[in-house]
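Novice: Following this note's numbering, the numbering of the sequence shown begins with 4 at its first residue and continues without gaps. Glycine included, every Cβ here is placed at the ideal spot set by N, Cα and C.
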Amino acid sequence: MGVEVAVEGLSKSFGRQQIWQDVTLTLPAGEVSVLLGPSGTGKSVFLKCLIGLLKPNTGRITINGTDLVRCSEHKLYDIRKLFGVLFQDGALFGSMNLYDNIAFPLREHTKKSEPDIRRIVLAKMDMVGLAGEERKLPGEISGGMRKRAGLARALVLDPEIILVDEPDSGLDPVRTAYISQLLVDLNAQIDATILVVTHNINVARTVPDNIGMLFRRQLVMFGPREVLLTSEEPVVKQFVNGSRIGPIGMSEEKDEATMAAELAAGFDQGADEIRGVPPQLEPTPGLPYRGAVRRRKDRVMRIIHTLPPAAQHSIVASLDATDRIRYGAVR
């Protein structure tokens with residue numbers, strides 16, 4: 004099973020430019036989480052801090068009892084072996100075929116024999132739907148296939164934590180739907196902790212167990228998916244609905260006077276408001292049951308009394324008869 008990632012009081016700046024500050028959240032072990040936010044809010048920077056490619060100014064990132072911010076380079080190297088990363092553009096080597104791209108981490112970081120490497124690579128390619136494509140070059144395949152090849156490479160070292168940066172970037176809605184299903188299927192098969200960074204609302208509404216959002220250099224919220232998807236927070240509602248009315252502007256944040264003027268003028272928001280929490284994607288038939296689903300229900304039902312009423316209602320409404328017996332008399 005994947006491991007828990009605890010982030011506490013994390014801040015990052017480049018010179019005088021503050022990216023975000025005092026970010027605190029916990030990625031539950033073995034669950035899928037999504038981090039939302041408008042472009043330029045530092046979502047990818049957050050991923051790079053998690054894996055130690057960038058050093059935050061303050062705060063802690065604790066994995067298996069080790070603080071990645073303060074540990075030695077040797078210890079950081081060991082902790083990084085827990086991670087697999089799907090970069091935004093796949094980050095494949097253009098001169099290598101898919102097989103050699105995916106085999107690269109095994110050849111660089113292990114002493115496995117070539118027969119063992121071949122067995123692992125072909126298994127991971129099959130897992131992401133690329134069986135038989137190992138001799139193709141990255142330039143010969145579609146963007147969706149490159150994403151899947153990058154994901155296969157992220158899996159070859161059997162990571163316990165998988166970071167996914169904008170998996171929908173450059174993909175049409177149909178390919179994005181396939182990638183979303185693939186992430187759920189992978190979680191069912193390997194039970195890893197997965198963090199997806201995206202600004203795609205369809206991905207955020209259907210894939211994760213937990214959702215967070217960055218805005219104005221702060222973590223607006225992070226928690227069970229029902230909390231954000233039923234939130235009345237103006238910036239959350241604007242982002243989820245893709246509306247022009249709200250704190251997010253075209254190129255910068257709006258001030259309160261601008262927002263008040265828009266509301267007073269009765270501007271069209273540009274989209275119908277989305278309400279309700281859609282069902283979460285389930286694994287493809289024939290794959291294992293997601294262990295994260297039961298763990299998440301147990302965890303959320305322990306804290307349900309601390310959640311907003313709308314989130315509580317949505318969570319209780321999603322319980323089946325067996326769940327209602329298991330968790331007692333919930334209303």
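#1: Quick check on glycine 62: does DSSP put it in helix, strand or coil?
#2: Under 7 Å Cβ to Cβ from asparagine 190, same chain only, skipping five residues before and after it: list those, please.
#3: In chain order, what residues of the same chain lie with their CB nearer than 8 Å to the CB of leucine 158, ignoring the 5 residues before and after it?
#4: Below 8 Å on the Cβ atoms is my guess for alanine 152 versus asparagine 104; work out the distance and round it to an integer in Å.
#5: Using the three-state DSSP reduction, which class does glutamine 91 fall into: helix, strand or coil?
#6: Reducing DSSP to helix, strand and coil, say where lysine 150 ends up.
#7: Excluding the 5 residues flanking glutamine 24 on each side, which residues of the same chain have their C-beta closer than 6 Å to its C-beta?
#8: Under DSSP, the beta strand (DSSP E) around glycine 12 begins and ends at which residues?
#9: Please look up how many angstroms separate the CB atoms of phenylalanine 225 and threonine 44, rounded, as I've assumed it's under 8 Å.
#10: Quick check on the DSSP output: the beta strand (DSSP E) that includes aspartate 168 runs from which residue to which?
#11: Compute the Euclidean distance between the alpha carbons of arginine 156 and lysine 115, then round it to the nearest angstrom.
#12: Let me check one thing: in DSSP terms, what residues is phenylalanine 225 bridge-paired to?
#13: Identify, in the order they occur along the chain, each residue of the same chain with its Cβ nearer than 6 Å to the Cβ of glutamine 315, setting aside the five sequence neighbours on each side.
#14: Leaving out five residues before and five after histidine 2 in sequence, what residues of the same chain have Cβ atoms less than 7 Å from its Cβ?
Specialist: Looking at the atomic coordinates:
#1: Note: glycine 62 maps to strand in three-state DSSP.
#2: Sequence-distant Cβ neighbours of asparagine 190 in its own chain, meaning closer than 7 Å and more than five residues away, are Val35, Ile197, Arg293 and Ala295.
#3: Taking leucine 158 as the centre and dropping the five residues before and after it, the same chain places the C-beta of Gly87, Lys127, Met130, Val131, Ile165, Leu189 and Ile193 closer than 8 Å to its C-beta, in chain order.
#4: Contact between alanine 152 and asparagine 104 is confirmed by a C-beta separation of about 6 Å, below the 8 Å threshold.
#5: If DSSP states are grouped into helix, strand and coil, glutamine 91 belongs with coil.
#6: DSSP places lysine 150 in the helix class (H, G or I) of the three-state scheme.
#7: Taken in chain order, the residues that qualify are Ser14 and Arg220.
#8: Note, glycine 12: beta strand (DSSP E), 8-17.
#9: Approximately 14 Å separates the beta-carbon atoms of phenylalanine 225 and threonine 44; this is outside 8 Å, ruling out the contact.
#10: Going by DSSP, aspartate 168 is part of the beta strand (DSSP E) stretching over 164-168.
#11: Straight-line spacing of the CA atoms in arginine 156 and lysine 115 works out to 16 Å.
#12: DSSP links phenylalanine 225 through a beta bridge to Gly215.
#13: Only Ile307 meet the Cβ criterion.
#14: The question about residue 2 has no answer, for the chain in this structure spans 4 to 334.
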